[in-house]
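The structure under discussion appears below in the form of structure tokens.
Number of protein chains: 4
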Amino acid sequence: MTDASNRAPNCGRRAPETIALIGKYHSPEIAESLRLLAAYLRERNVTVLIEEETARNVGAPLVSSPLERSDFASIGAQADAAIVIGGDGTMLNAARQLARYRVPLVGVNQGRLGFMTDIARADMLGRMEDLLEGRFVPESRMLLDAEVLRGGKCLVSNLALNDVVVDKGAIGRMIEFELFVDGEFIYNLRADGLIVATPTGSTAYSLSANGPILHPRVAGIALVPLCPHALSNRPILIGDRNEVEIRIVHATDSRAHFDGQVNVDLRQGDAVRIRRSEYSICFLHPPGYSYFGMLRHKLHWSEQPKGH
Amino acid sequence: MTDASNRAPNCGRRAPETIALIGKYHSPEIAESLRLLAAYLRERNVTVLIEEETARNVGAPLVSSPLERSDFASIGAQADAAIVIGGDGTMLNAARQLARYRVPLVGVNQGRLGFMTDIARADMLGRMEDLLEGRFVPESRMLLDAEVLRGGKCLVSNLALNDVVVDKGAIGRMIEFELFVDGEFIYNLRADGLIVATPTGSTAYSLSANGPILHPRVAGIALVPLCPHALSNRPILIGDRNEVEIRIVHATDSRAHFDGQVNVDLRQGDAVRIRRSEYSICFLHPPGYSYFGMLRHKLHWSEQPKGH
Amino acid sequence: MTDASNRAPNCGRRAPETIALIGKYHSPEIAESLRLLAAYLRERNVTVLIEEETARNVGAPLVSSPLERSDFASIGAQADAAIVIGGDGTMLNAARQLARYRVPLVGVNQGRLGFMTDIARADMLGRMEDLLEGRFVPESRMLLDAEVLRGGKCLVSNLALNDVVVDKGAIGRMIEFELFVDGEFIYNLRADGLIVATPTGSTAYSLSANGPILHPRVAGIALVPLCPHALSNRPILIGDRNEVEIRIVHATDSRAHFDGQVNVDLRQGDAVRIRRSEYSICFLHPPGYSYFGMLRHKLHWSEQPKGH
Amino acid sequence: MTDASNRAPNCGRRAPETIALIGKYHSPEIAESLRLLAAYLRERNVTVLIEEETARNVGAPLVSSPLERSDFASIGAQADAAIVIGGDGTMLNAARQLARYRVPLVGVNQGRLGFMTDIARADMLGRMEDLLEGRFVPESRMLLDAEVLRGGKCLVSNLALNDVVVDKGAIGRMIEFELFVDGEFIYNLRADGLIVATPTGSTAYSLSANGPILHPRVAGIALVPLCPHALSNRPILIGDRNEVEIRIVHATDSRAHFDGQVNVDLRQGDAVRIRRSEYSICFLHPPGYSYFGMLRHKLHWSEQPKGH
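Residue numbers (the working numbering), protein chains in the order written: chain S, 4 to 311; chain H, 4 to 311; chain F, 4 to 311; chain C, 4 to 311.
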């Protein structure tokens with residue numbers, strides 16, 4: 004493996020020559036989009052890599068030579084950009100896999116506009132010209148790095164682009180935990196759980212739990228309690244350089260979730276330590292993209308201003 | 004079994020001659036309170052029944068004759084009132100067990116005032132005089148009757164005094180369900196779940212989920228979504244005679260909970276049908292009890308009015 | 004004035020022979036709708052009354068004889084139903100004016116579906132046939148009766164179909180008030196104000212302030228604090244027979260609002276006493292109307308159930 | 004006026020030699036505290052300045068020579084620190100007056116711990132030793148700079164330490180406004196208003212309106228709607244370098260408030276432009292101060308961690 008993490012990040016600053024295609028997990032219906040994209044890119048002399056799970060999923064014809072079938076490490080070493088076809092969930096996974104390699108992501112949705120997949124399938128090929136000519140706009144998004152500690156030892160560690168959630172399990176009893184920021188005790192809380200969200204995650208689960216929306220450029224982390232027993236526990240914003248620790252004081256059944264995609268069982272006494280990751284992920288947005296424009300659409304906010 | 008459900012309810016209207024004692028589950032520390040109460044009542048010629056789990060829990064000396072050791076059916080057939088020693092959870096269980104027998108409940112807390120256990124342990128014996136002389140104030144609380152249906156057949160049914168909750172399981176993925184009221188489709192929702200709460204339950208889990216507080220005399224049922232994906236889904240109050248049905252449209256892992264104490268696994272296609280129970284439970288409150296006074300204390304609302 | 008308040012209410016149970024038309028205040032653009040309706044009804048031998056402000060507003064040609072121009076008292080004495088053309092605000096005013104005369108209301112909106120104006124202008128004439136043939140579905144809605152007391156004397160009294168709001172004035176300082184229910188002190192609160200809402204009002208201002216949605220058949224009144232200083236003050240539901248009193252303890256500037264349309268200045272020491280009105284207003288809904296269907300549309304809840 | 008704004012800020016880094024005393028407006032009950040403080044400081048050879056309104060308020064004996072009676076400009080030019088005696092409101096005013104002069108503030112409360120006045124009156128003199136020996140901990144807080152524009156011209160400008168609020172006036176009708184961030188249209192909203200809050204203001208009015216708590220070190224500004232008509236409008240966090248503009252589209256009656264202490268009438272077409280001020284205010288906290296400790300106390304969060 005090339006030491007990809009040391010190569011200069013190419014956050015959209017030059018035209019990509021090698022592009023990886025990553026498709027939604029277990030979704031053969033995206034095969035046609037992938038084929039169209041691959042054909043379009045090859046015609047323009049772009050080297051195309053197909054993520055190996057995606058290749059298995061959509062069938063052989065997509066891959067024209069064995070060299071194209073790549074795992075994430077290999078994509079990380081070679082690709083100048085990755086095009087993700089699916090929904091926000093596909094982006095989350097790709098971001099966690101590729102952040103350390105500094106490969107920027109382009110998101111193509113298969114129907115509804117996503118918070119992260121901002122290119123409509125219908126516009127897909129038209130947008131590729133913009134991408135190949137370097138007209139996409141880069142935007143950096145922070146990730147979280149979380150460790151689960153048991154008896155002081157790291158049991159498992161994971162990245163998260165949206166959020167790390169510690170919550171109750173299936174039995175449905177509240178958990179009791181202590182929250183620490185930079186080692187300082189903040190509170191002891193009985194609740195369904197706590198969401199630790201990045202700005203990217205602030206429009207996902209956290210928003211359903213009455214968390215605030217954080218613009219991607221805000222250097223902050225949101226701590227949003229889930230059904231807190233104490234009514235004065237409200238969402239708290241801390242700096243992106245603060246370290247959060249959640250210690251399970253009492254729980255018959257508890258779990259930590261990373262982007263809602265990976266989870267780990269927690270026991271009483273376990274701690275989850277969360278800090279900003281040293282890696283960020285770069286999104287490449289098509290010209291004209293606006294974060295607030297996307298929100299306006301997704302959240303059904305009012306249309307254009309009157310008389311302007 | 005006597006057909007206890009047909010006997011006239013004695014909701015505090017005459018002095019109780021037979022009293023059952025029910026203690027917090029697995030809590031030997033209440034043995035002393037139970038012994039004191041039993042001795043006090045026997046001295047005043049009250050027939051004392053000890054709930055069998057409670058008897059096992061606190062040890063033999065409490066029970067003076069085998070006749071006193073009673074299961075809930077037997078308490079239901081004989082007792083004029085039951086004194087519950089523990090917390091709100093103990094009351095919930097006793098209420099579900101005894102509602103059909105119309106045995107009124109008196110709640111004694113072991114430390115902190117509960118929403119339902121309004122007599123402090125320190126005042127316990129003093130209050131017994133009021134109880135034996137018929138000065139307690141009865142208050143009726145509705146229960147819910149819930150059935151879990153699979154393939155149209157009733158899998159299990161349960162009562163709930165606080166709430167019936169349908170929620171996601173441990174994997175942490177939102178569930179998708181449809182809500183019907185009296186057979187009419189209301190909405191399709193992706194969320195962590197839905198709380199169906201009685202007025203009694205409105206100050207429990209529902210309150211943590213931003214549900215409204217319902218005075219016990221409001222004849223209504225609260226439908227409170229848990230972390231709804233759609234931001235316009237808010238708590239809804241329907242009448243106490245409406246029937247609610249929740250149909251699981253999509254869930255990898257889901258459960259129904261009854262008062263947070265009993266739970267049942269749900270599968271895609273299952274339905275949970277909830278209506279007001281034909282039974283109510285009667286609480287007996289000591290003289291001077293005030294629902295709002297209790298709330299003021301529990302929720303740290305402002306003290307007494309100024310200048311009144 | 005005929006003692007209209009004693010006549011039997013005609014809540015849609017027989018075909019109306021005399022119909023009043025009431026238009027949105029200061030809105031000449033509804034003249035055409037009014038003319039079409041009047042002509043349609045006259046052709047079918049219905050006696051048409053035009054509310055006097057409406058007549059002035061849209062110009063002479065609408066009124067074919069001086070007898071038709073009626074004030075609300077006269078409409079109350081003669082009309083079997085009133086058709087309101089405008090928005091929810093026009094309905095609120097008509098309801099407060101006509102509730103005592105038991106004249107049922109039909110609501111026609113001029114564009115967007117309202118919470119109360121459920122007939123689209125485009126369907127208006129088609130719906131009239133249903134109305135004249137008695138196929139409309141009556142629904143009764145409670146009103147509130149509020150008195151402002153100063154020095155123990157009633158300064159002013161008003162009805163409200165949506166809500167009575169006591170809030171701070173323009174200076175922007177929180178007010179401090181005491182809340183009583185049936186004479187019992189509930190709490191002392193510093194806040195921007197308090198909304199006292201009917202089920203009808205629960206989808207209006209109260210909803211913006213995080214109040215719950217009350218189905219019209221719930222016999223309850225919602226007490227919803229506006230920006231309460233104490234974080235544990237939440238919306239409370241009380242019974243429709245409870246009397247609410249709000250006493251201004253401290254305010255540099257405060258007001259009481261009735262349906263957001265009429266307001267009264269309040270001083271320190273003033274009290275606002277609110278109870279359910281002896282009058283209700285009857286809405287006549289077209290066949291097929293559904294309260295939840297309307298909510299689903301207005302609040303952008305999910306569409307029809309899948310596979311049903 | 005000395006060009007005080009250019010002098011090096013003394014944010015607690017050396018022992019203060021000149022200290023100003025600023026008392027709560029119209030509160031003669033603080034005279035005794037002021038006298039005690041003045042006497043204590045003079046004994047230790049500190050030059051004491053008395054803010055002129057404060058001097059007028061508490062009576063002559065406090066001021067030992069005419070030179071001590073100072074306006075804010077003069078305090079700004081001479082004082083190494085200002086001790087504010089009163090509540091958070093007194094701190095807000097002092098901060099707006101002194102921020103441009105970089106005079107750090109020490110807050111003494113007269114009863115209840117404030118969010119900003121963290122020294123109890125009872126501890127006051129004991130704490131002075133820490134202050135004079137340079138043991139206080141400085142903390143910088145951002146301010147907002149707001150201009151009201153009419154017809155493109157600046158009508159008035161003001162600083163705010165807590166918040167700039169644009170809201171409806173006394174008539175109680177919602178206002179309609181457009182929100183812009185850095186010139187980009189964000190949304191058009193009908194609401195009671197909008198709070199634009201600093202981290203310091205996030206625990207004040209904004210918290211009552213369901214805004215998030217921002218740690219003082221978060222470089223962000225919270226935009227918190229007041230009773231928004233659209234249910235999907237939630238609090239938004241933007242960066243501290245973003246410029247906010249609120250344009251009044253429709254309002255019969257509207258106002259802009261600065262820290263809830265100064266207000267300006269707004270008309271349709273007016274705009275309020277808000278950005279981070281070039282000035283910050285420095286708070287000096289006694290040794291052992293903790294922001295989260297203060298929050299825990301003020302918001303009744305749970306006590307110390309168990310078993311640590």
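Every residue, glycine too, gets a C-beta built ideally from N, C-alpha and C.
These numbers were taken from a predicted model, which means no experiment stands behind them.
| Item | Value |
| --- | --- |
| Beta carbon of H:Phe188 nearer than 8 Å to that of H:Pro289 | no |
| Cutoff 8 Å: F:Phe295 Cβ touching any chain H Cβ | yes |
| Neighbour list for H:Tyr190 in chain F, Cβ cutoff strictly below 7 Å | Arg299, Trp304, Ser305 |
| Beta-carbon proximity list for H:Thr5, same chain, < 7 Å, skipping 5 on both sides | Bear in mind that a pLDDT of 39 at H:Thr5, under 50, signals an unreliable position, so the number given afterwards is only what the model happens to contain. Excluding sequence neighbours, H:Thr5 sits near Ala80. |
| Residues from the region 207-235 of chain F in contact with chain S, defined by Cβ distance under 9 Å | Ala233, Leu234, Ser235 |
| is_contact[H:Arg144, chain F] using C-beta, thresh 8 Å | no |
| Distance between S:Pro107 and S:Val49 (C-alpha atoms, nearest Å) | 16 Å |
| Residue-level contact to chain C via CB, F:Asn317, 8 Å cutoff | Residue numbering for chain F in the displayed model covers 4 to 311; residue 317 of chain F lies beyond these limits and cannot be assessed. |
| Listed by chain order, chain C residues near S:Arg237 by CB distance under 9 Å | Leu210, Asn213, Gly214, Pro215, Ile216, Leu302 |
| Reduced DSSP secondary structure (H/G/I, E/B, other) of C:Val61 | helix |
| Beta-carbon neighbours of F:Gly242, restricted to chain H and to distances below 9 Å | His218, Arg220, Val221, Ala222 |
| First and last residue of the uninterrupted beta strand (DSSP E) at S:Met94 | No beta strand (DSSP E) holds S:Met94; the alpha helix (DSSP H) holding it covers 91-101. |
| Residues near F:Gly291 in its chain [Cβ-Cβ closer than 6 Å; skip 5 each side] | none |
| Whole-angstrom distance between C:Gly114 and C:Asp74, CA atom to CA atom | 27 Å |
| Best match in F:Ile216, F:Arg193, F:Asp170 for proximity to F:Thr203 [C-alpha to C-alpha] | F:Ile216 |
| 7 Å Cβ shell around S:Arg17 - same chain, five flanking residues per side excluded | Gly137 |
| First and last residue of the uninterrupted beta strand (DSSP E) at F:Phe183 | 178-184 |
| Straight-line Cα distance separating F:Ser205 from F:Gly214 | 7 Å |
| Burial state of F:Gly310, where buried means 16 or more other Cβ atoms lie within 10 Å | The predicted model places F:Gly310 with a pLDDT of 41, which falls under 50 and marks its position as unreliable, so this point remains unresolved. |
| Span separating the alpha-carbon of S:His300 from that of S:Asp121 | 11 Å |
| Pick from H:Asp195, H:Met119, H:Lys27 that is closest to H:Leu164, judged by C-alpha positions | H:Met119 |
| Where the alpha helix (DSSP H) through C:Phe295 begins and ends | 294-301 |
| Residues near F:Arg10 by beta carbon distance below 6 Å, same chain, minus five either side | Only weak support is given to the placement of F:Arg10: the predicted model assigns it a pLDDT of 44, under 50, and the value that follows is read from those uncertain coordinates. Nothing meets the Cβ criterion. |
| C-beta contact flag for H:Leu146 and H:Thr201 at 8 Å | yes |
| Chain H contact for S:Val199 (CB, 8 Å cutoff) | no |
| Delimiting residues of the alpha helix (DSSP H) encompassing C:Asp166 | Careful: C:Asp166 lies outside any alpha helix (DSSP H), inside the beta strand (DSSP E) at 166-171. |
| Run of the beta strand (DSSP E) containing H:Phe261, from where it starts to where it stops | 257-261 |
| Below-8 Å beta-carbon distance, C:Glu187 vs any chain S residue | yes |
| Chain F contact residues for H:Val184, given Cβ-Cβ distances below 9 Å | His218, Phe295 |
| Simplified DSSP assignment, three categories, for H:Ala163 | strand |
| Any C-beta of chain S under 8 Å from that of H:Ala254 | no |
| Through-space distance from F:Ser211 to S:Arg45, alpha-carbon basis | 53 Å |
| Start and end residues, beta strand (DSSP E) containing F:Phe286 | 274-288 |
| Collapsed DSSP secondary structure at F:Ala254 in the structure displayed | coil |
| Strand pairing of C:Arg153, partner residues [DSSP] | C:Lys156 |
| Reduced DSSP category for S:Ala23 - H, G, I as helix; E, B as strand; rest coil | strand |
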